[in-house]
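Chemist:
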Amino acid sequence: GNSRNPYAGEVFNNLDHKINLYGDDIEVDYRGAEVTVESLLRVLLNRHAPEVPRSKRLLTDSGSNILLFLTGHGGEDFLKFQDAEEILSKDIADAVAQMHMKQRYNEILFIADTCQASSLFSHLYTPGVLGLASSAVGESSYSHLVDRQVGVSVADRFSYYTHTFTEPLNTSSTVSLQDLFDFYQPGLLKSTPTLRTDLFHRAPLNKVLLTDFFGSVPKVVLIDEAYSDFKGIQQ
1 GNSRNPYAGE
11 VFNNLDHKIN
21 LYGDDIEVDY
31 RGAEVTVESL
41 LRVLLNRHAP
51 EVPRSKRLLT
61 DSGSNILLFL
71 TGHGGEDFLK
81 FQDAEEILSK
91 DIADAVAQMH
101 MKQRYNEILF
111 IADTCQASSL
121 FSHLYTPGVL
131 GLASSAVGES
141 SYSHLVDRQV
151 GVSVADRFSY
161 YTHTFTEPLN
171 TSSTVSLQDL
181 FDFYQPGLLK
191 STPTLRTDLF
201 HRAPLNKVLL
211 TDFFGSVPKV
221 VLIDEAYSDF
231 KGIQQ
């Protein structure tokens, strides 16, 4: 840790430090040096070594809705990881296409919060994906609320306002994706929030619940057949 940080191991979204986003109820499966382009692609495609535990796998199927939220430093058609490597928009598009072929999702809400964020979903070509970006191509995305004690901003503007909107909601909420998009104000973000809807065929967005992706409660489907991925109990 850094001795200059009086809040080591904590993440706040406001200067009052009331809400620790990294609290005891948060489960983190990948952290630090584990967060790489390779690990993200392995999670999306379920390409893991046999010893990787279930907690580090994305166990989805053709009935699953996935929220993919990427944030960090980036530019046109790329996002940086650890200031050491980048994932390209074409990499993301190809990964999503493979997910579709492997029947790993029903729908994906892909949110990008970085400079020129909408470029990250510019190469997507697979159905069932809705793109939401903090900024248009050619625009920067900005940080928010400088914490003088720590010496950095506590959040990005887009992520801050996303959290402000979603935090009061519960799993029975009837708020729609259109409500979320309408909540973003370019004057507050200092950038233009952008939607890509041509691949997402469940419309209109004011009929699509936000809880289909945020904090959703999955529906239980009873089947008569054995689950195909069940390998039995090893003694």
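Using my numbering, the first residue of the sequence shown is number 1, and each one after it goes up by one.
Where is the CB? At the ideal position from N, CA and C, for every residue including glycine.
Since this is a predicted model, take the numbers as computed values, not measurements.
From R4 to V150, what does the alpha carbon distance come to, in whole angstroms?
Modeler: Between R4 and V150, the C-alpha separation is close to 7 Å.
Chemist: So what's E10 in DSSP terms, helix, strand or just coil?
Modeler: Three-state result, E10: coil.
Chemist: From which residue to which residue does the beta strand (DSSP E) around R157 run?
Modeler: Per DSSP, R157 belongs to no beta strand (DSSP E); it is in the alpha helix (DSSP H), R157 to T166.
Chemist: Can you name, in chain order, every residue of its own chain whose Cβ lies under 8 Å from the Cβ of L15, other than the five neighbours on each side?
Modeler: So the list reads L145, D147 and V154, once near-sequence residues are dropped.
Chemist: When the Cα of N65 is compared with those of F200, L222, P204 and E225, which residue comes out closest?
Modeler: Nearest of F200, L222, P204 and E225 to N65, Cα basis: F200.
Chemist: Can you check the region 8-42 for any alpha helix (DSSP H) of at least 4 residues that lies completely inside it and give the ranges in chain order?
Modeler: The region 8-42 contains no whole alpha helix (DSSP H) run of 4 or more residues.
Chemist: Looking at the structure shown, is R54 part of a helix, part of a strand, or coil, going by DSSP?
Modeler: R54: helix per DSSP, three-state reduction.
Chemist: Excluding the 5 residues flanking V11 on each side, which residues of the same chain have their C-beta closer than 7 Å to its C-beta?
Modeler: Result list for V11: N20, L21 and Y22, in chain order.
Chemist: Are the CB atoms of A117 and S134 nearer to each other than 7 Å?
Modeler: Result yes, Cβ atoms of A117 and S134 sit closer than 7 Å.
Chemist: List the endpoints of the continuous beta strand (DSSP E) containing V137.
Modeler: Unbroken run through V137: none, as it is neither H nor E.
Chemist: With DSSP collapsed to three states, give me the class of V96.
Modeler: Helix.
Chemist: How about the region 89-97 and the region 170-189: do they share at least three Cβ pairs that are nearer than 8 Å?
Modeler: Contact fails: fewer than three Cβ-Cβ distances are below 8 Å.
Chemist: In this structure, what does DSSP give as the bridge partners for H144?
Modeler: In DSSP, H144 forms a bridge with A155.
Chemist: Do the region 163-182 and the region 38-47 meet, that is, are 3 or more Cβ pairs less than 8 Å apart?
Modeler: Cβ pair count under 8 Å is below three, so no.
Chemist: Distance check for Y142 and K190, CA to CA, integer angstroms please.
Modeler: Going from the Cα of K190 to the Cα of Y142 covers about 7 Å.
Chemist: Once you ignore the five residues that flank E27 on each side, which residues in its own chain have a CB closer than 6 Å to its CB?
Modeler: So no residue of the chain qualifies.
Chemist: Note down, in chain order, each residue of its chain lying with its Cβ closer than 8 Å to the Cβ of L45, except the 5 sequence neighbours on either side.
Modeler: Cβ neighbours of L45 beyond the five flanking positions: A95, Q98, M99, K102 and R104.
Chemist: Between which two residues does the beta strand (DSSP E) harbouring D113 extend?
Modeler: Where D113 is concerned, the enclosing beta strand (DSSP E) stretches over E107 to D113.
Chemist: Grab the span of the alpha helix (DSSP H) containing F181 for me, first residue to last.
Modeler: Start and end: L177 to F183.
Chemist: Identify whether L45 lies in helix, strand or coil by the three-state DSSP scheme.
Modeler: Note: L45 maps to helix in three-state DSSP.
Chemist: Once the 5 residues before and after F214 are set aside, which same chain residues still bring their CB inside 6 Å of it?
Modeler: Counting only Cβ-Cβ distances below 6 Å, and skipping sequence neighbours, we find T166.
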